[in-house]
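Below is one structure, written out as C-alpha coordinates, with a few remarks after it.
In our numbering, the protein residues as written are 3 to 220.
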(Lines of atoms letter the chains of each structure in order from A and count residues from 1; the text may use other names and numbers.)
(Lines give C-alpha, C1' and ligand atoms only; values in the text may rest on other atoms or scores of the structure.)
Protein backbone atom coordinates (compact mmCIF):
# COMPACT_ATOMS: atom_id res chain seq x y z
CA UNK A 1 0.00 0.00 0.00
CA UNK A 2 1.27 3.44 -0.89
CA UNK A 3 1.75 5.55 2.23
CA UNK A 4 -0.29 8.73 2.40
CA UNK A 5 1.41 11.83 1.12
CA UNK A 6 3.00 14.04 3.73
CA UNK A 7 1.01 17.18 4.55
CA UNK A 8 2.28 20.29 2.81
CA UNK A 9 4.84 22.30 4.70
CA UNK A 10 3.44 25.48 6.11
CA UNK A 11 5.56 28.56 6.78
CA UNK A 12 6.57 29.30 10.34
CA UNK A 13 4.21 31.47 12.32
CA UNK A 14 5.28 35.06 12.83
CA UNK A 15 6.93 35.71 16.18
CA UNK A 16 4.55 36.50 19.00
CA UNK A 17 4.41 40.09 20.22
CA UNK A 18 5.50 38.65 23.57
CA UNK A 19 8.77 37.47 22.02
CA UNK A 20 9.88 40.54 20.07
CA UNK A 21 11.69 42.20 23.00
CA UNK A 22 11.70 41.96 26.79
CA UNK A 23 9.95 45.33 27.11
CA UNK A 24 7.08 46.91 25.18
CA UNK A 25 7.11 50.70 25.57
CA UNK A 26 3.66 52.01 26.47
CA UNK A 27 3.49 55.35 24.70
CA UNK A 28 1.09 58.25 25.22
CA UNK A 29 1.54 60.67 22.32
CA UNK A 30 0.11 64.16 22.60
CA UNK A 31 1.59 65.45 19.32
CA UNK A 32 1.60 63.15 16.30
CA UNK A 33 4.66 64.98 14.96
CA UNK A 34 6.70 63.26 17.67
CA UNK A 35 5.59 59.77 16.69
CA UNK A 36 8.16 58.97 14.01
CA UNK A 37 11.32 60.24 15.78
CA UNK A 38 10.17 58.59 19.00
CA UNK A 39 9.55 55.27 17.27
CA UNK A 40 12.91 55.45 15.50
CA UNK A 41 14.66 56.03 18.82
CA UNK A 42 12.91 53.06 20.44
CA UNK A 43 13.67 50.76 17.51
CA UNK A 44 17.30 51.87 17.44
CA UNK A 45 17.49 51.02 21.13
CA UNK A 46 16.23 47.49 20.51
CA UNK A 47 12.53 47.84 21.33
CA UNK A 48 10.62 47.28 18.06
CA UNK A 49 7.17 46.55 19.56
CA UNK A 50 5.57 49.87 20.47
CA UNK A 51 2.15 50.20 22.10
CA UNK A 52 0.57 53.57 21.33
CA UNK A 53 -2.31 54.06 23.73
CA UNK A 54 -5.59 55.40 22.39
CA UNK A 55 -5.81 57.97 25.16
CA UNK A 56 -5.19 61.11 23.13
CA UNK A 57 -6.65 62.66 19.98
CA UNK A 58 -3.24 62.25 18.32
CA UNK A 59 -3.00 58.49 18.89
CA UNK A 60 -4.44 57.22 15.60
CA UNK A 61 -2.44 59.72 13.55
CA UNK A 62 0.66 58.62 15.46
CA UNK A 63 -0.02 54.98 14.62
CA UNK A 64 -0.52 55.88 10.94
CA UNK A 65 2.76 57.78 10.85
CA UNK A 66 4.78 55.04 12.53
CA UNK A 67 3.25 52.33 10.33
CA UNK A 68 4.07 54.34 7.20
CA UNK A 69 7.51 55.69 8.06
CA UNK A 70 9.20 53.29 10.53
CA UNK A 71 9.16 49.89 8.82
CA UNK A 72 11.22 48.20 11.53
CA UNK A 73 8.67 49.13 14.20
CA UNK A 74 5.82 46.80 15.13
CA UNK A 75 3.30 49.41 16.16
CA UNK A 76 0.26 48.41 18.18
CA UNK A 77 -2.70 50.13 19.78
CA UNK A 78 -3.29 50.09 23.52
CA UNK A 79 -6.29 51.06 25.65
CA UNK A 80 -8.55 49.38 23.09
CA UNK A 81 -11.92 49.21 24.83
CA UNK A 82 -14.63 48.97 22.15
CA UNK A 83 -15.18 47.26 18.80
CA UNK A 84 -15.10 50.69 17.16
CA UNK A 85 -11.64 51.32 18.58
CA UNK A 86 -10.52 47.93 17.28
CA UNK A 87 -11.61 48.94 13.77
CA UNK A 88 -10.05 52.40 14.05
CA UNK A 89 -6.72 51.00 15.23
CA UNK A 90 -6.44 48.34 12.54
CA UNK A 91 -7.41 50.82 9.83
CA UNK A 92 -4.68 53.16 11.08
CA UNK A 93 -2.09 50.39 10.73
CA UNK A 94 -1.86 48.81 14.17
CA UNK A 95 -0.22 45.41 13.99
CA UNK A 96 -1.39 44.29 17.43
CA UNK A 97 -4.03 45.32 19.95
CA UNK A 98 -3.91 45.61 23.74
CA UNK A 99 -6.88 46.08 26.04
CA UNK A 100 -6.99 46.82 29.78
CA UNK A 101 -9.76 44.23 30.19
CA UNK A 102 -12.17 42.33 28.03
CA UNK A 103 -15.82 41.49 27.43
CA UNK A 104 -17.32 38.91 25.06
CA UNK A 105 -18.14 41.69 22.57
CA UNK A 106 -14.67 43.22 22.67
CA UNK A 107 -13.03 39.80 22.47
CA UNK A 108 -15.07 38.90 19.38
CA UNK A 109 -14.02 42.13 17.69
CA UNK A 110 -10.36 41.56 18.49
CA UNK A 111 -10.55 37.97 17.23
CA UNK A 112 -12.12 39.19 13.99
CA UNK A 113 -9.55 41.97 13.51
CA UNK A 114 -6.95 39.76 11.85
CA UNK A 115 -4.10 41.02 14.06
CA UNK A 116 -2.66 39.61 17.30
CA UNK A 117 -4.18 40.90 20.51
CA UNK A 118 -3.53 40.87 24.25
CA UNK A 119 -6.74 41.12 26.28
CA UNK A 120 -6.26 42.38 29.81
CA UNK A 121 -6.78 40.16 32.86
CA UNK A 122 -6.21 40.51 36.58
CA UNK A 123 -7.79 37.34 38.02
CA UNK A 124 -7.48 33.59 37.57
CA UNK A 125 -11.13 33.38 36.51
CA UNK A 126 -10.53 35.81 33.65
CA UNK A 127 -7.53 33.77 32.54
CA UNK A 128 -9.55 30.53 32.57
CA UNK A 129 -12.36 32.19 30.60
CA UNK A 130 -9.91 33.33 27.91
CA UNK A 131 -8.27 29.92 27.73
CA UNK A 132 -11.73 28.45 27.09
CA UNK A 133 -11.91 30.82 24.11
CA UNK A 134 -8.57 29.61 22.78
CA UNK A 135 -6.67 32.73 23.85
CA UNK A 136 -3.32 31.98 25.50
CA UNK A 137 -1.53 35.35 25.39
CA UNK A 138 -2.77 38.12 27.66
CA UNK A 139 -1.93 41.42 29.32
CA UNK A 140 -1.76 41.24 33.14
CA UNK A 141 -3.01 44.62 34.32
CA UNK A 142 -2.58 46.52 36.57
CA UNK A 143 0.41 44.31 37.34
CA UNK A 144 1.70 45.70 40.62
CA UNK A 145 -1.73 46.53 42.04
CA UNK A 146 -3.13 43.12 41.03
CA UNK A 147 -0.53 41.08 42.91
CA UNK A 148 2.70 41.44 40.97
CA UNK A 149 5.18 38.63 40.58
CA UNK A 150 3.84 36.48 43.44
CA UNK A 151 0.40 36.38 41.84
CA UNK A 152 1.68 35.61 38.35
CA UNK A 153 4.01 32.94 39.73
CA UNK A 154 1.05 31.29 41.47
CA UNK A 155 -0.75 31.01 38.11
CA UNK A 156 2.13 29.25 36.34
CA UNK A 157 1.55 25.75 37.72
CA UNK A 158 -2.25 25.43 37.35
CA UNK A 159 -2.43 27.44 34.09
CA UNK A 160 0.87 26.79 32.29
CA UNK A 161 -0.58 27.46 28.84
CA UNK A 162 -1.22 31.13 29.65
CA UNK A 163 1.51 33.67 28.84
CA UNK A 164 1.49 37.28 29.95
CA UNK A 165 2.73 40.79 29.30
CA UNK A 166 2.44 42.42 32.75
CA UNK A 167 1.90 46.18 32.60
CA UNK A 168 1.21 48.78 35.26
CA UNK A 169 3.66 50.10 37.82
CA UNK A 170 6.66 48.15 36.52
CA UNK A 171 10.07 49.79 36.84
CA UNK A 172 13.61 48.92 35.72
CA UNK A 173 14.17 47.53 39.22
CA UNK A 174 11.11 45.26 39.22
CA UNK A 175 11.12 44.20 35.55
CA UNK A 176 13.80 41.49 35.87
CA UNK A 177 11.76 39.61 38.48
CA UNK A 178 8.77 39.55 36.12
CA UNK A 179 10.91 38.49 33.16
CA UNK A 180 12.31 35.59 35.18
CA UNK A 181 8.86 34.02 35.53
CA UNK A 182 8.12 31.09 33.20
CA UNK A 183 4.76 32.52 32.10
CA UNK A 184 5.97 36.05 31.27
CA UNK A 185 7.07 36.83 27.72
CA UNK A 186 7.68 40.54 28.14
CA UNK A 187 6.63 43.49 30.27
CA UNK A 188 5.08 46.82 29.38
CA UNK A 189 6.52 50.02 30.77
CA UNK A 190 7.03 53.74 30.40
CA UNK A 191 10.33 54.37 32.17
CA UNK A 192 12.27 54.71 28.90
CA UNK A 193 9.98 57.64 28.02
CA UNK A 194 10.69 60.34 30.63
CA UNK A 195 8.43 63.36 30.10
CA UNK A 196 11.37 65.75 30.00
CA UNK A 197 12.95 63.80 27.14
CA UNK A 198 9.71 63.87 25.19
CA UNK A 199 9.05 67.59 25.68
CA UNK A 200 12.63 68.48 24.80
CA UNK A 201 12.76 65.97 21.92
CA UNK A 202 15.80 64.30 23.47
CA UNK A 203 15.59 61.23 21.27
CA UNK A 204 19.17 60.09 22.06
CA UNK A 205 18.16 59.78 25.72
CA UNK A 206 15.11 57.72 24.74
CA UNK A 207 17.31 55.48 22.60
CA UNK A 208 19.77 55.02 25.46
CA UNK A 209 17.04 54.11 27.95
CA UNK A 210 15.47 51.77 25.39
CA UNK A 211 18.82 50.01 24.94
CA UNK A 212 19.08 49.49 28.69
CA UNK A 213 15.55 48.08 28.77
CA UNK A 214 16.27 45.77 25.81
CA UNK A 215 19.13 44.27 27.80
CA UNK A 216 17.12 43.46 30.91
CA UNK A 217 16.69 39.80 30.01
CA UNK A 218 20.38 39.48 29.23
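We treat Cβ as the ideally placed atom computed from N, Cα and C, and that holds for glycine. Source: prediction; values computed, not measured.
What's the gap between the Cα of residue i and the Cα of residue j?
i	j	result
residue 128	residue 109	12 Å
residue 154	residue 20	16 Å
residue 162	residue 22	20 Å
residue 68	residue 50	11 Å
residue 39	residue 75	12 Å
residue 7	residue 24	Note on residue 7: pLDDT 39, under 50, position unreliable in the model; no value is reported.
residue 123	residue 107	15 Å
Which residues does DSSP list as the beta-bridge partners of residue i?
i	result
residue 142	123, 168
residue 134	Per DSSP, none; premise fails for residue 134.
residue 53	28, 78
residue 189	25
residue 99	79, 119
Excluding the five sequence neighbours on either side, which residues of its own chain have a C-beta within less than 7 Å of the C-beta of residue i, listed in chain order?
i	result
residue 55	28, 29, 30, 61, 80, 81
residue 63	34
residue 57	30, 81
residue 139	18, 20, 120, 165
For residue i versus residue j, is the C-beta spacing smaller than 8 Å?
i	j	result
residue 216	residue 78	no
residue 99	residue 72	no
residue 137	residue 115	no
residue 144	residue 111	no
residue 52	residue 41	yes
residue 181	residue 219	yes
Spatial neighbours of residue i within its chain, please: CB distance less than 6 Å, with the 5 preceding and 5 following residues excluded, ordered by chain position.
i	result
residue 211	194
> Counting Cβ pairs, one atom from each stretch, are 3 or more of them under 8 Å apart for the segment 126–141 and the segment 200–219?
Replying inline: no
> Do three or more CB pairs link the segment 175–188 to the segment 143–159 at distances below 8 Å?
Replying inline: yes
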